[in-house]
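A.B. asks: Going down the list, the protein sequences come from chains U and B. Read in order, the letters of the first sequence correspond to residues 13 to 400 in this note's numbering. Read in order, the letters of the second sequence correspond to residues 13 to 400 in this note's numbering. Glycine residues also receive a C-beta, built at the ideal position from the N, C-alpha and C atoms. These figures come from a predicted structure and were not determined experimentally. One structure coming up, written as structure tokens, with questions to follow.
2 protein chains.
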Amino acid sequence: MKGQTSLRLQVPTALRPALDDDRLARAAWSRLAEPGDAAAARLVSEVGAPLALEAVVTGRGPDRWRTRLADVDPAVDIAAVRAAGGRLVVPGDEEWPTGLDDLDRDTVGDRPLGAPFALWLRGPLHLSDTTARSAALVGSRAATGYGQHVASELATGLVDRGFTVVSGGAYGIDAAAHRSALAVGGASVAVLACGVDRTYPSGNAALLTRLAQEGVLVSEVPPGTTPTRWRFLERNRLIAALTRGTVVVEAAWRSGALSTADRATRLMRPVGAVPGPVTSAASSGCHRLLRDGGAVCVTSAEEVAELLGDLGVETLAPRPVERRPFDGLDREELRVAESLPRRGSSGLEQLARDAGLELPVVQSILGRLELAGLAERIDDGWRRGTPN
Amino acid sequence: MKGQTSLRLQVPTALRPALDDDRLARAAWSRLAEPGDAAAARLVSEVGAPLALEAVVTGRGPDRWRTRLADVDPAVDIAAVRAAGGRLVVPGDEEWPTGLDDLDRDTVGDRPLGAPFALWLRGPLHLSDTTARSAALVGSRAATGYGQHVASELATGLVDRGFTVVSGGAYGIDAAAHRSALAVGGASVAVLACGVDRTYPSGNAALLTRLAQEGVLVSEVPPGTTPTRWRFLERNRLIAALTRGTVVVEAAWRSGALSTADRATRLMRPVGAVPGPVTSAASSGCHRLLRDGGAVCVTSAEEVAELLGDLGVETLAPRPVERRPFDGLDREELRVAESLPRRGSSGLEQLARDAGLELPVVQSILGRLELAGLAERIDDGWRRGTPN
């Protein structure tokens, strides 16, 4: 008891409440460790966030967590997210999306990706409900007009089918997907690599503000945190885990969107890729995924919905096709139908020769073609009919 | 012997020599039966062309072959193809492509497609040699500028890699493929649905004439025969069987090119499809193949060559990519490199906090980054370096 008390005295004041409170401890961890720090995630998942925190404070655990100890004040971070109109969500909360738990399981051919300690949210939508039926639309920041058009079409079509559109809030494909979802009154979620109180990139400030008002912004790093390339990469595992599947709309050969596709595959979520002109470098990453079997080719919201296993609600409708006169004819019927002249007429024997079929066969086929309006008796012979 | 003689007397004069001559009998069969007549192909393959012909003449076998008996004169057909500068090739001839024999084997999930009885050729190239290393490039007649551009690029690139370009001599993709192959001095083969003495479609007359002068025209129907839809469909199995594999460059949802892909699959030949904009109906057939697993996504001649198993001669070169400064860094190195300020400098402890790593780790990483030119000592701290 005495040792316990003296230990407590070594603990920075700001951290003391966190040693008894899972929510505060998780908030602390979200500042202490970088996203995707597998050792931290494992420790927290094994002994719980408060005890894991205590281990760091008392000098156990890697030094890299200790270097940040002095900067951690979960109460301040929680106040900051509240000031921005946001909230903290931790495992066990009703709003915690259970799909994130997959991040703590072994992934395909590899170890766990590591679940986030907590999520910092900003926006009116209920994260768990809103992502239960959701699709990730991701792609290049340097998107082409084609890519943005397709992102927009897919987002709109997915909203029509009751899907939430999840993306990364970046320029290009991300922005087109969010914007189009919002434009048709759909739900949209942006998963950020920085704090949810920041508007990065600044050119998307209006869009991110609107998402904070009508959708929801999500981050695993606490308010005020700046984005780094590392955080962008790790953010991608959250996009993959929050959704039913990921669609890469347009991606160059080395686009970050491909890492989201990779994370989705490792989490056993379906991945789709939208093809584009092979002359466009902006689609080469999508084609790479299609070539190596990393993605299914998707060309419409309907196909995306099918990919995401949306079978109960709506199955893929047969594609409407132009009906052609000779549709449905079998091989021999086709041969007779093609042997009928458009002008003048042919006698039975001529038709049998032209079609290479026996007389009685031709006779019986002609009867069927006549019923279908494809053959017409004229004088002593037959000619091609014009069906309505 | 007496019966034999009286039988011979019933035989039309034009057919008598064919009863003792495989070449003439096969020429006769190529007029007697429609392409892809499975029963005829089976009969000929089982008892040989002369005996099969005798069976028809003596009233055995289906009547549909008899209806054409009076029109058959193989000597006339052979004279006609010679007059057009062409020749007849039959199984056993050195020029007969052995790949066609696959058509008499069971195909994937189905019965044999049926080998042709004979081939009528026109053009200087040796068919068997020239198709030993060949690719089929097929696609829509109503091709877009994009499709024609890609067909042209692929044809040129395949010629560069020593491939013969095989197609159907039609408008659109076919014509672009043939033309581009010829333009760079490559070998090209057109497989027609009409006699090789005809130029169909007439708009391709100059191209077909050039193919007859520098490449080779191929048909299983005798000279003078008109093309029908039926013959186009059956022609596709020859394109599939003559080549190492088939690439669909551009195809609408119901393009005939898809039937060539289907035949290739049934013959266990690889099939590739070139993606295009999802906004282009002209590519929807290619996307359909990619979606249902019927084709591999190909975007360049190099990828086509790889698809066709061209491993001995040249394997897929690694794609040249822009080298980026942080390439090759591991996860922790990346975090330190990103923590280095571009202006001013950071001390060791600051860097350890920013990167979320232990001091000694940061120190050792900084040494490595400095060697790589990615970190620079300045005053008492470090900043980002600019590698050459």
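I need the straight-line Cα distance from residue 39 (chain U) to residue 78 (chain U), nearest angstrom please.
C.D. replies: Their Cα atoms are separated by approximately 16 Å.
A.B. asks: What does the Cβ neighbour count give for residue 326 (chain U), buried or exposed, with the cut at 16 atoms within 10 Å?
C.D. replies: Note that residue 326 (chain U) scores a pLDDT of 47, beneath 50, so its modelled location is shaky; the value from the coordinates is reported in the next line. Exposed, by the Cβ-count rule.
A.B. asks: How far does the beta strand (DSSP E) with residue 196 (chain U) in it extend, from its first residue to its last?
C.D. replies: Element bounds for residue 196 (chain U): n/a, residue is neither H nor E.
A.B. asks: Could you check whether residue 272 (chain U) and residue 148 (chain U) sit closer than 8 Å to each other, using their CB atoms as the reference points?
C.D. replies: Result yes, Cβ atoms of residue 148 (chain U) and residue 272 (chain U) sit closer than 8 Å.
A.B. asks: For residue 190 (chain U) versus residue 219 (chain U), is the C-beta distance shorter than 8 Å?
C.D. replies: Yes, these two residues count as a Cβ contact at 8 Å.
A.B. asks: Are residue 239 (chain U) and residue 199 (chain U) closer than 8 Å when you measure CB to CB?
C.D. replies: Result no, Cβ atoms of residue 239 (chain U) and residue 199 (chain U) do not sit closer than 8 Å.
A.B. asks: Any Cβ of chain B within less than 8 Å of the Cβ of residue 212 (chain U)?
C.D. replies: No, because no Cβ of chain B sits closer than 8 Å to the Cβ of residue 212 (chain U).
A.B. asks: So for residue 262 (chain U), helix, strand or coil by DSSP?
C.D. replies: Looking at residue 262 (chain U) - three-state DSSP - the assignment turns out to be strand.
A.B. asks: For chain B, check one thing: does any of its Cβ atoms lie closer than 8 Å to the Cβ of residue 364 (chain U)?
C.D. replies: Judged by the 8 Å Cβ criterion, residue 364 (chain U) is in contact with chain B.
A.B. asks: Taking only the alpha-carbon atoms, compute the straight-line gap between residue 172 (chain U) and residue 52 (chain U) and give it to the nearest angstrom.
C.D. replies: Taking the straight line from one Cα to the other gives about 40 Å.
A.B. asks: Would you check if the stretch 115-133 of chain U and the stretch 273-280 of chain U touch, i.e. whether three or more CB-CB distances between them fall below 8 Å?
C.D. replies: As far as the Cβ criterion goes, the stretch 273-280 of chain U touches the stretch 115-133 of chain U, which means the pair count is three or higher.
A.B. asks: So, helix, strand or coil for residue 365 (chain U), using DSSP?
C.D. replies: Here residue 365 (chain U) sits in helix by DSSP.
A.B. asks: DSSP three-state label for residue 341 (chain B), please.
C.D. replies: It is coil, neither helix nor strand.
A.B. asks: Let me know the beta strand (DSSP E) ranges lying completely inside the stretch 66-152 of chain U, each 3 residues or longer, listed in chain order.
C.D. replies: As far as the stretch 66-152 of chain U is concerned, its whole beta strand (DSSP E) runs of at least 3 residues are 98-101, 131-134 and 146-151.
A.B. asks: Is it the case that the Cβ atoms of residue 351 (chain U) and residue 363 (chain U) are separated by a distance below 8 Å?
C.D. replies: Cβ distance < 8 Å, so residue 351 (chain U) and residue 363 (chain U) count as in contact.
A.B. asks: State the DSSP-derived secondary structure class of residue 45 (chain U), mapped to helix, strand or coil.
C.D. replies: Three-state DSSP puts residue 45 (chain U) in coil, outside helix and strand.
A.B. asks: With DSSP run on the structure shown, which of helix, strand or coil describes residue 267 (chain B)?
C.D. replies: Coil.
A.B. asks: Apart from the five residues just before and just after residue 245 (chain B), which ones in its own chain have a Cβ nearer than 8 Å to its Cβ?
C.D. replies: Around residue 245 (chain B): 48, 268 and 271.
A.B. asks: Cutting at 7 Å between CB atoms, please list the residues of its own chain near residue 45 (chain B), excluding the five before and the five after it.
C.D. replies: These residues qualify, in order along the chain: 52 and 77.
A.B. asks: At least one CB of chain B closer than 8 Å to the CB of residue 241 (chain U): is that the case?
C.D. replies: For residue 241 (chain U), the answer is yes, since a Cβ of chain B falls inside 8 Å of its Cβ.
A.B. asks: Which value, in whole angstroms, describes the spacing of the CA atoms of residue 162 (chain U) and residue 156 (chain U)?
C.D. replies: Their Cα atoms are separated by approximately 10 Å.
A.B. asks: For my contact list, residue 203 (chain B) and residue 250 (chain B) are in at a C-beta cut-off of 8 Å; report their separation, rounded to the angstrom.
C.D. replies: About 5 Å separates the two Cβ atoms, so the contact holds.
A.B. asks: Does any C-beta atom of chain U lie closer than 8 Å to the C-beta of residue 158 (chain B)?
C.D. replies: Residue 158 (chain B) counts as touching chain U.
A.B. asks: Are the Cβ atoms of residue 164 (chain U) and residue 254 (chain U) separated by less than 8 Å?
C.D. replies: For residue 164 (chain U) and residue 254 (chain U), no; Cβs fall outside 8 Å.
A.B. asks: Taking the alpha helix (DSSP H) that residue 51 (chain U) belongs to, which residues open and close that run?
C.D. replies: First-last of the alpha helix (DSSP H) with residue 51 (chain U): 50-59.
A.B. asks: Does residue 337 (chain B) have its Cβ less than 8 Å from a Cβ in chain U?
C.D. replies: Cβ-Cβ to chain U under 8 Å: no for residue 337 (chain B).
A.B. asks: Which residues does DSSP list as the beta-bridge partners of residue 208 (chain U)?
C.D. replies: Residue 208 (chain U) is not bridged to any residue.
A.B. asks: Residue 231 (chain B) lies in the beta strand (DSSP E); which residues open and close that run?
C.D. replies: Element bounds for residue 231 (chain B): 228-231.
A.B. asks: Are the C-beta of residue 309 (chain U) and some C-beta of chain B separated by less than 8 Å?
C.D. replies: Yes, residue 309 (chain U) lies at the interface with chain B (some Cβ there is under 8 Å from its Cβ).
A.B. asks: Whose C-alpha, out of B:42, B:22, B:29 and B:34, is nearest the C-alpha of residue 231 (chain B)?
C.D. replies: Among B:42, B:22, B:29 and B:34, the Cα nearest to that of residue 231 (chain B) is on B:42.
A.B. asks: Kindly indicate which three-state DSSP category residue 316 (chain B) falls into: helix, strand or coil?
C.D. replies: The answer is helix: DSSP assigns residue 316 (chain B) an H, G or I state.
A.B. asks: DSSP on residue 159 (chain B), reduced to helix/strand/coil?
C.D. replies: In this structure, residue 159 (chain B) counts as helix in the three-state DSSP scheme.
A.B. asks: Given a cut-off of 8 Å, decide if residue 152 (chain B) and residue 184 (chain B) are closer than it, judged by their beta-carbon atoms.
C.D. replies: Their beta carbons are under 8 Å apart, which means residue 184 (chain B) touches residue 152 (chain B) by this criterion.
A.B. asks: If contacts are defined as beta-carbon pairs under 8 Å, then residue 93 (chain U) and residue 209 (chain U) qualify, I think. What distance do you get, rounded to the angstrom?
C.D. replies: Between residue 209 (chain U) and residue 93 (chain U) the Cβ distance is about 7 Å, and since that is below 8 Å, they are a contact.
A.B. asks: Out of B:22, B:114 and B:50, state which residue places its alpha-carbon closest to the alpha-carbon of residue 71 (chain B).
C.D. replies: Of the candidates B:22, B:114 and B:50, the one whose C-alpha sits nearest the C-alpha of residue 71 (chain B) is B:22.
A.B. asks: Starting from residue 179 (chain U), follow its DSSP beta bridges and name the residues at the other end.
C.D. replies: Beta-bridge pairing links residue 179 (chain U) to U:202.
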